[in-house]
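Q: Chains L and C, in that order, give the protein sequences.
Going by my numbering, the residue at position 98 of the first sequence is 98; the numbering climbs one at a time, nothing skipped.
Going by my numbering, the residue at position 143 of the second sequence is 1086; the numbering climbs one at a time, nothing skipped.
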Amino acid sequence: MAQGIRLTINGKVCSGEQGETILQVARREGIYIPTLCHDDRLKSIGACRTCIGEIAGVKNLQSTCTYPASDGMVVDTENARVKSVRKVVCELLLSDHPAELKPGEQVQPRENDLLSVCSHSGAMESRFRTGRTSEARVDVSHPFIAFDDDKCINCFRCIRGCNEVQGEDVLTMAGRGFSAFIANDYNKNYLDSTCVSCGQCVQQCPTGALEDKTLLEKGKWDKEVKTTCAYCGTGCSMIARVKTETNEVVSIRGNDKSPVNYGHLCVKGRYAYSYGRHKERLLHPLVRESRDQPFRRASWEEAVSMVVRNLRRIKDKYGPSACAGISSSRAANEENYLFQKFVRTFFGTNNVDNCSRVCHSPTAYGLREAYGESAGTGGYEDIELAKVILVIGSNPTEAHPILGDRIRQAARRGAKMIVIDPRRTQTAREADLHLPVRPGGNVAILNAMAHVCVKEGLIDREFIARRTKGFEQLAAVLEKYAPEDVAALTGVDPELIRQAARLYGGTGGQSVIHYGLGVTEHSHGSDGVLCIANLATITGNVGKPGAAVIPMRGQNNVQGSSDMGALPQTVTEYQKHNDPVVRELYRAVWGTDLPTDPGLKLPQMFDAAVEGKLKFLWIIGEDILQSDPDSNHVEAALDAAEFVVGQDLFLNETNKKAHVIFPAASFLEKEGTFTNAERRIQRIRKAVEPPGECKSDFEIIQQVANVLGANWNYTPASIVSEIARVTKVWAGVTFDRLDSSEGMQWPVWDGQHEGSRRLHTEKSMHKDGLIKLHALEYHPPGDELSEEYPFELTTGRKLEQYNVGTQTRRTGISVYDTEDRLEIHPEDAKRLGVLEDDWVEIKSRRDAIRLRAQVTNRIREGTVFTTFHFPETALNRITSGHHDGPTMCPEYKFTAVSVMRVGGREEPAEKHQHGAVPLSGEVPVESERAFEVHVPAGAARRQ
Amino acid sequence: MPYEPVISKYWKTPESWTLKQYQSRGDYWGYAAAKKAITEFEPKALISYVKDSNLRGRGGAGFSTGLKWTFLPENGKPRFLAVNADESEPGTFKDRQILAYDPHQLIEGIIICCWAIGAKHAYVFVRGEFVREINRLQSAIDECYAAGILGEDVLRLGKGFKLDITVLRGAGAYICGEETGLLSAAEGKRAYPKIKPPFPAVEGFFRFPTIVNNVETLSNLPHIVGKGKEWYLQQGPAAGPGPKLYCISGHVRKPGVYEAPLGTKLRTLIDEYAGGVIGTLKAIIPGGSSMPIFTPDKLDLAMDFDTVRSAGSFLGSAGVIVMNDSVCMVNALLNLAKFYHHESCGQCTPCREGLGWLEKLVHRLEFGHAHDNDLDLIKEVCGMISKRTICLLSDSLVMPVESYMKAFFKEFEYHVKEKKCMTGGQPGVWAPCEEPALAR
Ligand SMILES: Cc1cc2nc3c(=O)[nH]c(=O)nc-3n(C[C@H](O)[C@H](O)[C@H](O)COP(=O)(O)O)c2cc1C
Ligand code: SF4
Ligand code: SF4
Ligand code: FES
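(1) Run the CB neighbour count on residue 1314(C), radius 10 Å, all protein chains shown included, and call it buried at 16 or more, exposed below.
(2) Would you mind reading off the limits of the alpha helix (DSSP H) that contains residue 1158(C)?
(3) Tell me which same chain residues have a C-beta within less than 6 Å of the C-beta of residue 1239(C), skipping the five on either side of it?
(4) Are the beta-carbon atoms belonging to residue 310(L) and residue 674(L) less than 8 Å from one another?
(5) Just to make sure I have the definition right: I need the residues of chain L whose C-beta is within less than 8 Å of the C-beta of residue 1330(C). Which are they?
(6) When you compare the stretch 882–901 of chain L with the stretch 772–783 of chain L, are there three or more beta-carbon pairs, one atom per stretch, that lie closer than 8 Å?
(7) Can you find a C-beta in chain C that's less than 8 Å from the C-beta of residue 154(L)?
(8) Taking 7 Å as the limit between beta carbons, can you name the residues of its chain near residue 769(L), skipping five residues before and five after?
(9) Name, please, each residue of chain C whose Cβ falls closer than 7 Å to the Cβ of residue 66(L).
(10) With DSSP collapsed to three states, give me the class of residue 683(L).
(11) Here's the rule: buried if 16 or more other CB atoms are within 10 angstroms of the residue's CB, otherwise exposed. What is residue 138(L)?
(12) In the DSSP assignment, the alpha helix (DSSP H) including residue 1295(C) goes from what residue to what residue?
(13) Following a CB-centred definition, is residue 36(L) positioned closer than 7 Å to any heavy atom of ligand 4?
(14) Kindly examine ligand 3 and report whether one of its heavy atoms sits closer than 7 Å to the Cβ of residue 1136(C).
(15) DSSP has residue 1024(C) in a bridge; who is on the other side?
(16) Taking Cβ-Cβ distances below 9 Å as the criterion, which residues of the stretch 1296–1322 of chain C are in contact with chain L?
(17) Would you please verify whether the beta carbon of residue 128(L) is less than 8 Å from any beta carbon of chain C?
(18) Just the Cα atoms here: how many angstroms apart are residue 1146(C) and residue 68(L)?
(19) Going by CA-CA distance only, name the one from 1212(C), 1217(C) and 1080(C) that's closest to residue 1246(C).
(20) Would you call residue 244(L) buried or exposed, if buried means 16 or more other Cβ atoms sit within 10 Å of its Cβ?
(21) Return yes when the C-beta of residue 65(L) is under 7 Å from any heavy atom of ligand 4, and no when it is not.
(22) Please state whether DSSP places residue 443(L) in a helix, a strand or coil.
(23) My output table needs one value for residue 273(L): the three-state DSSP class, helix, strand or coil.
(24) Between 1071(C), 952(C), 1308(C) and 1137(C), which lies nearest to residue 1271(C) when the distance is taken from Cα to Cα?
(25) What I want to know is whether the C-beta of residue 172(L) ends up closer than 7 Å to one or more non-hydrogen atoms of ligand 2.
(26) Can you give me, in chain order, the residues of the stretch 679–702 of chain L that have a beta carbon less than 8 Å from any beta carbon in chain C?
(27) Let me know the secondary structure DSSP gives residue 306(L) once reduced to three states.
(28) Just to confirm the assignment, what range does the alpha helix (DSSP H) spanning residue 607(L) have?
(29) Out of 812(L), 902(L) and 717(L), which has the shortest C-alpha to C-alpha gap to residue 277(L)?
(30) In chain order, what residues have a CB nearer than 7 Å to some heavy atom of ligand 2?
(31) Residues in its own chain within less than 6 Å of residue 655(L) by CB, not counting five upstream and five downstream?
(32) Residue 1312(C): buried (16+ other C-beta within 10 angstroms of its C-beta) or exposed?
(33) Under a CB-based cut-off of 8 Å, is residue 7(L) close to chain C?
(34) At which residues does the beta strand (DSSP E) containing residue 647(L) begin and terminate?
(35) Quick one: grab the DSSP three-state call for residue 1209(C).
(36) Show which residues of chain L have a CB atom less than 8 Å away from the CB atom of residue 1133(C).
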């Protein structure tokens, strides 16, 4: 513990700690010291000199943002000497500001630190005014960011933010003296630079020199609403700035206080929100009697009664098990809870599942089997506390950018980083060790690492003896997994595996593992998760600061949707619905019995539909026809269902098969909570009113339920108290507590408990308190390589896009990215005669698609990779139809394919073999086009 | 008098930059001093010895070299020596002579220093324009590696002392000479100075403890070790003794680098060494262009660190610039203002904006567009800049501005009121000076 000190700042006696700066102490004590170049996230450079103070006994004025506080120090930052100097500093800063930057005429005064510092210093007018300089550079090339050099005060915050927070080196200062200016790499403009559009520079800029374009174009905001990002599972906290007059979000800032993202956001979170006002947004219910008819606009009453009528009819005719609901891990916790309650009470079946089935169900299963709880064992803070960070099956800088940044910054500060991934991702490039594993080789490589740990004494015997069971069996199986012996399965140099094991196991319990869908989306995905748990457990890397297993959840509420019981076999917190105690608890709270049928998992639902056993399907916020594997099968299932209800923001491939489509509200238009990958429950809040007749998923479900006789009168807040009654780990959660904090990490045991940063610190959450080790063998992937299908196809995301692109493709982000490409290794390409940009056909046992090739050594030889953001690609027509055994999570990350060149750079005539419907589908829809697409001015297309 | 030069003794000897010549000099020359230091001194004892010799830094600040070395923390981290060979201060041209004519003397100094401070790697950061100097230094280093003087076992003494020397080239910015700017540049970044504390001795090159010393400072070490500190302490005032290279330029008959002990009178330097003033003496800058200016009444001042300081200026890098009465002080100042503003790295508001405005204001003065209150405004801007910045570059202009205005106030006032030059010169045009007889 650092030593306590006492010092006097501006007459106030303050206490601080050795090693703090004067400014840090002052800020904590609520003493205002003007600053411009300082930011808590950045290393102080002491450049702007507005924070100066006089320190008794020190001759010169010092910058308080850099000067260390010490015991007995007396500081004055507001005496006459300091003030006069500060005033001239401010006058000089204002000297070349454009004339329009006068008080009262600010674009956004609350934003503008410079102005408040100047007015504090009594320097609103400058004696050094030169006005706008003629050669000033204005750069509006970027789709979201505008730069005005004249407003720049050379505080370096954008440069440091880009580097020290985001981890890029896009910006630099060029030139010297008065004419020093901010330059992009290549010294051209923002658009042609290597900018990743995270907007950290904008967030940092204290003058508005860098500003969101939307803000400049749309004018002042008058309301700030704190909410949570609805893209990936990181769960960044953000502030939406709203112009109430036009009911529009005009800018989004990161929430500086959030322990998740400390004010940082990625391009999607910060800028890809305009889809909410896209012209293709569904604005009212659409209905049709049969699939051969066009949709027509309907009133809510008509649409709801049509759904109710058909539900009753099908349920009466075929029984409850002919109905099913698919919930969404994009939707809020309250909505997932309500929907599973709705399905279980009014469909009368356990046929409810959510889309995390196809991503992280092996996590839910595996971590529960190992530790007794389906969640990450630690929090993001463990990234900074760890000595070694192992990233496996995850490309965090693109799929979870903020976590990617935190990991890379930790690595830059000295943590060692190991990346296990078939692709040479950005993290892999910067890692101390990169193990380019073969897709499907996770169990083999993890067992091999565990083997080395056991053999070389890197395991924590005391921890194993006291906290675990099953080690003997595990050790016996590991015998066979010497890295040399499984080299053919892993495809990785055994020596690399040994080095990785030594690094990971050699920290004495200060290593974290971050894993993603590259682990789960395999036919043995659950085994992969269990092997991760094994490795972490035997080395004592669980439940301690800097020691954790953290799954990188793909979507915003993957954790929450499953926590809330939108799963066939479990209700909230993974309690089995056939457990008598659970049934009793639910009966007491719900007033009805839980259904007794086993319930269908998502892929089983499709099978049942194709077999004619499932007739009624309600799908919330997921485009299963695009995002689930083996699309042809899914399509057949949808076609076979008698009645399909869709609920979404847009018309998509799936709800084009529906009979009724309910127009849903986006996350900016409703209240609720999301739970992120570190179990943090965070609020989302209504920033704007939903457009047209859109309603939140919550309202829609409640409305239909009430027509079915539910008499529900829930609000998102009141449903939380019901969840708390049936869910021990939510017992202490209320909207009020969430509102007055930066979210809470469950378990929150009661109204006093602050939440849990780590799980399993003393004992696991199994009944016996022990961690279960699993002795697991390697099994080959479901899809098999053969002479005919010699390549392993694996899939993933790109930074600028999100999943099937329903949202991102409807924002200005589309400037960056216009197609999915097939990444192929130069050696493979050479053999196949494929050149960069050539069209290739990728054929699997199910179907074939065509893409353009990108020849790159980012991918290992023998493996090909593509993204799945564009419907034209129809990637999932070819993906493997195999599933993980226990969870039925699809094997997205492994498909045996052949690759063949079919043409040069010109698009072959029959590209869309399958007639995948392009974005603005031809299905006739009458709908008001209330919104125009927002194409930011000055945005050119990037070549 | 006559004083027998020490550091510059062999500069005029043919091939003085070769190892062969260096080792043929006899006495303690030719790496005998380094050998003595390594074999007869424990590192700690060597630091104390250098400290007791009262050697003070020749780079500008005149700080005790031995004392600086004691600031290195005992934290087990590797340590580095960075040799400051960026010599860019106008009026200063001594280090380049050492690099060009006696690089082995410097290398020997580096060896002695590294033995004392426990560094295994020294970086010599040389001003990029010094092409000949860099080549001479690099060949000297190559000779040393070949002769076993540098490398795995320094001088083959079997002391387990390993030393590498790497030459780094600057890319042409004055700020690279500032010690933390130099380290930033050596790390491959823009030469941004860093705020102190932490001082480089604690957190320097790539955040490792680093000693930064000037070329001339290090070149004193072989002599301190070779001739003994007792001898050294007698060379000038005991509080800051030693041989010193004075750079004398401007309106003198024989400008050049002259070696004399610290404490030599200014008059002696100008009249006896540099051949006397051309025309009528008007002003003297004693320590490089950034130092406050002297009027002729200071001619009998002893040129050592403390005496110059108590007279209101600094010995700095001992760049003595002599001006006769053809010089307009406003014009001279404008020249400096342009230079220092151009060389400001642009980090600190007071320096970046302030020096820009000083240049603008002096420009206004010189060209006859001054506003009535400009002299006050200049003073106010100076007050805001001085000691308010990360490094001292900003003071390098403030000191001349303030001292010129004080010593030659009438001239400045004349420029404001009469909108022209008192010396009758053309605005912005340097008065032609009589062609000086070159020293050599
Ligand atoms: C703006 C500025 C420029 C400097 N330039 C040089 C230089 O060119 N050469 C030099 O040796 N020292 C220069 N110095 C001094 C160095 O910062 C540092 O004090 C010196 O290298 C220390 O070495 P010494 O103790 O051996 O003198 C400069 C200082 C400042 C503030
Ligand atoms: S653009 Fe903004 S953040 Fe960047 S240096 Fe200029 S004022 Fe500072
Ligand atoms: S004082 Fe000037 S040169 Fe020195 S760091 Fe600041 S801006 Fe750069
Ligand atoms: S905030 Fe301290 S110098 Fe800028």
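Positions of the beta carbon are idealized from the N, C-alpha and C atoms, including for glycine.
A: On the basis of the supplied data:
(1) exposed
(2) 1158–1162
(3) Around residue 1239(C): 1224.
(4) Not closer than 8 Å, so no.
(5) 59, 60 and 61
(6) Enough Cβ pairs lie closer than 8 Å, so yes.
(7) yes
(8) 763
(9) 1138
(10) strand
(11) With fewer than 16 other Cβ atoms inside 10 Å of its own Cβ, residue 138(L) counts as exposed.
(12) 1292–1309
(13) yes
(14) yes
(15) 1065(C) and 1154(C)
(16) 1296, 1297, 1298, 1299, 1300, 1302, 1303 and 1320
(17) yes
(18) 15 Å
(19) 1212(C)
(20) exposed
(21) Annotation for residue 65(L) indicates a beta carbon within 7 Å of some heavy atom of ligand 4.
(22) helix
(23) coil
(24) Among 1071(C), 952(C), 1308(C) and 1137(C), the Cα nearest to that of residue 1271(C) belongs to 1308(C).
(25) no
(26) Against chain C - using a Cβ distance shorter than 8 Å - the stretch 679–702 of chain L contributes no residues.
(27) helix
(28) Element bounds for residue 607(L): 602–610.
(29) 812(L)
(30) 147(L), 151(L), 152(L), 153(L), 154(L), 155(L), 156(L), 157(L), 158(L), 159(L), 182(L), 201(L), 204(L), 205(L), 206(L), 207(L), 209(L) and 210(L)
(31) 646, 648 and 661
(32) So residue 1312(C) counts as exposed.
(33) Not closer than 8 Å to any Cβ of chain C, the Cβ of residue 7(L) fails to qualify, so no.
(34) 643–648 is the span of the beta strand (DSSP E), which, as asked, contains residue 647(L).
(35) Residue 1209(C) carries a helical assignment under DSSP once its states are collapsed to helix, strand and coil.
(36) What residue 1133(C) touches in chain L: 172 and 173.
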